[in-house]
Structure formats: C-alpha cells, structure tokens
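Sequential numbering from 44 applies to the sequence shown in the working numbering. The C-beta atom is built at its ideal place from N, Cα and C for all residues, glycine as well. Bear in mind the structure is a predicted one, so any value in this text is a computation, not a measurement. As structure tokens, the structure follows; a few thoughts come after it.
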Amino acid sequence: MLRRSVYFCAALQGLLLFSLNWVASTAGAETIQAEHSSFQIRNVLTVQVPKDAHRVRVWFAVPNDDGYSVITNFKVASPYSVSFDSDSWGNRVGYVEASGSIEPTITITETFDLKRSEIRNSIDPSKTRPLTDAEREALARYLLPTTYVVVNDPVRKLSASIVGEESNPIIAARKLYDWTLQNVDYWVKDPDHLKASPVGSTDYCLMTKTGNCTDFHSLFASLAMASGIPVRMVYGSLLKPTLNGVKVDASYHCWIEFYAPNYGWLPLDVSLANIYGKKFPLTEKNEKLVELTTATGYHGLDTSKVDYYFGNLDDRRVVWSMGRDLMMQPPQDDGPVNALTKMYVEVNGKQYTNWTREFTYKALAE
C-alpha cells in the first residue's frame, strides 16, 4: 500500500510539473503554444550471459522526469529481483543482479506511458546577467571536466577566441553554439568519410570536426565550461515518426542544458541544428541515416531550426539520464560509467558489452 501511495504521489507531482511547464510555455500573446505528445513505450534489454559467468550485474536507465514529462504505468519485468536507487548525478537507475546458476539470457522489459511537452522559451539576453561568485560556487559541479569532456589550454584558448570579452551567459553560449554549428558536421551527412567517436569526445570532435550528438555536445560543453558557463549533458531517445511501432534499437540522443541567471537551465541541441541548418546533398547513402537522426523528420534545409534549437526542444523525446562519469548504487567494480543511455553490464566484475536493446513506441492520439 505504501509503494502504491508513493507512485501515486509521484504521478500527481509529475502531472503538476507538466501542467505548470505547459502553462508557462504558453503564457504571453507573442509566445507560440507548446506542442505536446503522448506515447506508449516498451524498452527491452537482453544480456547474453557467457558460460563462465558466476556473477552478472545490470544497471539500466529508467525514464527520468525533467519537468516536461509525465510518466505513468511504469512497470519492469525481469527474471531476477529489481531494485532502484540513484547514481552520482541523481539519476534514478534500475538494478538487477544474478549469481550462481544463471540463465543463458537475462531480459529486462520496461513499459510505461509518456506525456511529453515541447520546451518553448522566449530568450532575451537583457533579462539575464553574469553569474555571481556565489552562484558559480553553487554550480561548481557543472563546470568540472570529465574523462572525455576536457578543459585544457587549447580548449580555453579556442573558447576565449570565440567568446571574447562577453560575460552575458546567453550571448556567450550563442556564440559557442554558432561556432560549433558552423565548424562541425554531423557524421551522417557523409557516412563514407565522416565517423563518430565511440565515447563522445571533445578531443575527437575538435580534431576531426565531425561526430555524433555526444561528440558535438562534448565539445560545446568543454567550450562553455572554459568560459565559465555551467552545463549538463542530457541523454534520452528521440521518438521519431518514421520508427513509430517499429521494433529496433532506435539508438539514443543527447543534448545540452546551460545555466543563465533569472532563466535557470536552458536547453540547446546544436547537433540537430547542424542537420537542419546547413545545406548538404541528400544521397542514397545518407538519406535514411539523416532521417533517423532527427526528432521530427527531415524535409531539407530549414534555417529556422537554428534559432529554434537554441532554447527550445521538440516534444518527441524521453529522458534517460544526465551527466558523465557516473558512479552507481550499488557501486560498479570496473570504474565510472561514461554515460547511461541504455544499460551498463558487468560480468565477474568487468564491463561486458554483449547485450542488445529493442526500443518500441507508439504515438497516441491527443
């Protein structure tokens, strides 16, 4: 009875947050009304257990509420007991452990309903100001580099050359956003010659001037932190119209939130702005990749998306986690987890990667 009461209260709280955000985003005659969508989601994670396994541990992402989501009817099916706790960034994470005689496969199935609101902001740089020393101290964790999001002398020099003497965090962030948009290209545009890094890396993105969403936003995060702008990386999945009802992995997507006084956390997605906002040839080799990279479908050059994705986000997203270099609870044995986009597995105390994911969603009529 207590557990049901907790879930009921959480659902009511989520509904209230969703309503408040929706009302806030639609306030004002000049503001465009936020879109909102509803989905049924099924996330199936399967571990192929090796024959020599005597202990298997699985930490898996569960849907997190960023204030623009209402998550209901959340259920997890697993052959082993499931518990929930928070990681070092405060993400709610599911955990399964198996030992002794272990089944050859471990399948964990999450199902839930999601109501998601578009994030709409009318951003006016004159309404913010530079961070105070006290604010910067309070937000210190969002200014710290991680294993692959580095802040070194070359990054500081580049950031200073882009931002100059600008101390307004919104204007400075927009300068970094525009520079990243113009100087990096999403790898799906030319898959024969452009590649993404396997880890999401500032150094890789800076050196190659290409990458995936995590490469883009690792570089942006490094440049922003070097200029004293607090940032956090958000990991989720795009609920793409072309994959509605299709049983596939559907990958993941990440974006950025940066902090500006009087506004709080503002989102941006420079990797999707790069897809929509820069002209490139559509070919047989890249057409499907480009389409699947977007949240709302690709219909050619649309420079309005450049302004849109600085401060706004479409409503076809689910949030899984936030942050890099995660420590789990209970703690993992094989060091920090780069990011939790789907799940992290250890077998006999070592990271294990022989697992699959099937992510299926169905859009519901409003």
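TODO: Using the DSSP secondary-structure output, state which residues sit across from T115 in a beta bridge.
DONE: D156
Open item on the list: Can you tell me whether Y50 is helix, strand or coil according to DSSP?
Closed with: Below a pLDDT of 50, predicted positions are generally treated as unreliable, and Y50, at 38, falls in that range; no measurement from the model is reported.
TODO: Can you tell me which of N305, E153, E327, V231 puts its alpha carbon nearest to the alpha carbon of E178?
DONE: N305
Open item on the list: Just verifying my parser: in three-state terms, what is the DSSP assignment at M268?
Closed with: helix
Task: Residue of D377, L369, G392, D376 minimising C-alpha distance to T384 - done: L369
Open item on the list: Please classify W398 as buried or exposed, where buried requires at least 16 other C-beta atoms within 10 Å of its C-beta.
Closed with: buried
TODO: Taking only the alpha-carbon atoms, compute the straight-line gap between Y229 and G143 and give it to the nearest angstrom.
DONE: 45 Å
Open item on the list: Can you find the residues in the same chain that come closer than 8 Å, C-beta to C-beta, to N107, ignoring five residues on each side of it along the sequence?
Closed with: N134, R135, V362, W363, S364, M365
- [ ] Quick one: residues in its chain with C-beta nearer than 6 Å to the C-beta of T257, no 5 flanking neighbours on either side, listed in chain order?
- [x] G243, C297
- [ ] Take S131 as the anchor and find which of V92, M268, G392, M371 has the nearest alpha-carbon.
- [x] M371
Task: Span separating the alpha-carbon of P241 from that of G354 - done: 27 Å
Task: L55, DSSP secondary structure in three states - done: At L55 the pLDDT is 42, less than 50, meaning the model places this residue with poor confidence and gives no usable figure here.
Task: Opposing strand residues paired with Y138 [DSSP bridges] - done: W102, S126
TODO: Find the nearest neighbour of T336 within the set K170, Y302, A293, judged by alpha-carbon distance.
DONE: A293
Task: Three-way DSSP call (helix, strand, coil) for K348 in this model - done: helix
TODO: Use the C-beta contact count for Q394: other C-beta atoms within 10 angstroms, 16 or more gives buried, fewer gives exposed.
DONE: exposed
Task: Those residues which DSSP pairs with F301 across a bridge - done: V274, L309
Task: Nearest-angstrom Cα separation, counted from D377 out to V101 - done: 13 Å
Task: Residue range of the beta strand (DSSP E) that includes M365 - done: 360-365
TODO: Return the CA-CA distance between V113 and P310, expressed in angstroms with no decimal places.
DONE: 19 Å
Task: Proximity of L262 and L282 at Cβ, strictly below 8 Å - done: no
TODO: Can you tell me which of the three DSSP states W132 falls into?
DONE: coil
Task: Same chain, Cβ closer than 7 Å to S210, neighbours up to 5 away in sequence not counted - done: P173
Task: Alpha-carbon spacing of S270 relative to R199, whole angstroms - done: 7 Å
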